[in-house]
Amino acid sequence: MRQDLAEKFEKIFPSIWMMLATLIALAITVLILTFLLYKPVKKSIKDRQDLIQKEIDHSIELNKKSDEKLYLANLKLDMAGSEANNIVKNAKVEAEKVIIDYTNKAKTESKRMIDEAKILINKEHQALLEDQRNQIAKAATELSRKILAREVSKKTESELIDEFLKD
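Per the numbering used here, the very first residue in the sequence shown carries number 16; after that it's consecutive.
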């Protein structure tokens with residue numbers, strides 16, 4: 016039995032030279048595979064990871080830039096809104112000034128027209144008064160001539176005055 020077992024082990028383990036040649040072949044194969052497959056694949060994976068990381072970093076940088084531009088655009092929009100509000104406010108103030116100016120001009124013009132009308136009315140009134148005075152004076156003169164031409168009596172005087180007033 017011992018011998019059977021020794022034979023079985025000899026069949027399992029070949030000769031030491033064969034084992035040594037197999038180990039050398041395995042080592043050469045591992046070295047060849049390492050340099051021809053593993054390192055290029057590892058380098059390719061590393062390059063791909065670097066490229067992906069570079070793209071991620073680039074996208075983060077672009078995202079930051081776009082956030083800055085968005086912030087600046089919002090800031091400009093706020094400034095434009097404020098400027099528009101100021102323009103509208105200034106336009107309202109200017110419009111109010113123009114309204115006040117034209118209102119004052121209209122008031123001044125209407126006052127001037129009223130004053131001119133009053134002056135004209137006063138002139139016409141004075142002219143009418145003067146005309147009435149002249150007419151009264153003429154009438155009085157005429158009346159006195161007629162009275163002097165006739166006999167002066169109360170009855171004659173009353174008749175002349177009544178006659179004159181009828182005319």
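All C-beta atoms in this analysis are idealised placements derived from N, C-alpha and C, irrespective of residue type, glycine included.
- Straight through space, the alpha carbons of glutamate 98 and leucine 92 are spaced by roughly 10 Å.
- Within the region 99-158, no beta strand (DSSP E) run of at least 3 residues lies entirely inside it.
- For serine 30, the secondary structure class from DSSP, reduced to helix, strand or coil, is coil.
- At the C-beta level, leucine 135 and leucine 158 stay beyond 8 Å of one another.
- About 13 Å separates the beta carbons of phenylalanine 179 and alanine 152, which is beyond the 8 Å limit, so they are not a contact pair.
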